[in-house]
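Encoded as structure tokens, the structure appears first; notes follow it.
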Amino acid sequence: MTPPGPPQWLPEALADLLRRRVSVRRFAERPLDAAALDRVLWAAQGRLDGGARRTAPSADGLYPLGLAVLARNVDGLGQGCYLQHPFAGLEPVEAGPGPGRRVAEAAVGEQPWLFEAPAIVVVSGDLPAMLEHFADQQDDGRRGERYLAMEAGCAAHNAALYAAALGLGSVLVGGFDDALLSAALEGALEPGHVPLALLAVGHPHTG
């Protein structure tokens, strides 16, 4: 049986982008352009219309997510760890290969693409703030945890789609040791933030 194609009402450009967005687990040893990385970050948590709204939805408009970047091979950006400010750009946190290596080593199991990727985008979130804000929505007070995970998924998927539009590859990683990753990102996580997801980004290996 031939699988159905996209619905007729779906814009072809979007349908094509959804087809092209696949998990890439081998990256070429080719620099990632800093401007391309900036667009991917914008897709995840960029500012819209010059106001407070961002590119990913947020429960009650709290926008509890944060982004950090581990740059390994980014043209125009020194190797190291950076904190992304949605309204002000990247702030250097720690220079050199150490931060990226520590983040890759925090992965659960064999995930060599985290060592190969030119850049890793870290999505974090303010869990205490979300739990407090939505405490009355669930008997155990944990509803905010669900919303935070949903927002992280939306932001990461936006970034992955934009990466695909630029001809880049990406893979979303959720298998990591929380404590090790938090320690590896010391200084790159905003107060109260916990790591939620990693998105490795770069040019796909074609060999």
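The sequence shown maps to residues 97 to 303 in my numbering.
Note that the Cβ used here is the ideal one computed from N, Cα and C, for glycine as well.
For clarity, every value in this text was computed on a predicted model and none was experimentally measured.
Minimum Cα-Cα distance from Leu186 among the listed residues Gly265, Asp274 and Leu137 corresponds to Leu137.
The alpha-carbon of Leu292 is positioned some 25 Å away from that of Leu113.
The beta-carbon distance between Val218 and Leu294, rounded to whole angstroms, is 6 Å. This is short enough to meet the 8 Å contact definition. A distance below 6 Å between beta-carbons, with the five flanking residues on each side excluded, links Ala124 to the following residues of its chain, in chain order: His299 and His301. Around Ala203, the same chain offers Leu210, Val269, Gly271 and Phe272 as residues with beta carbons nearer than 7 Å, after the five sequence neighbours per side are excluded. Where Gly194 is concerned, the enclosing alpha helix (DSSP H) starts and stops at Gly194 to Glu201. Contact check between the segment 254 to 261 and the segment 132 to 149: three or more CB pairs, one atom from each, fall below 8 Å, which counts as touching.
For the 8 Å CB-CB criterion, Pro160 and Ala225 form a contact. Look at Glu190 here: in three-state DSSP terms it is strand.
When the Cα atoms are used, Cys250 and Ala140 turn out to be separated by approximately 8 Å.
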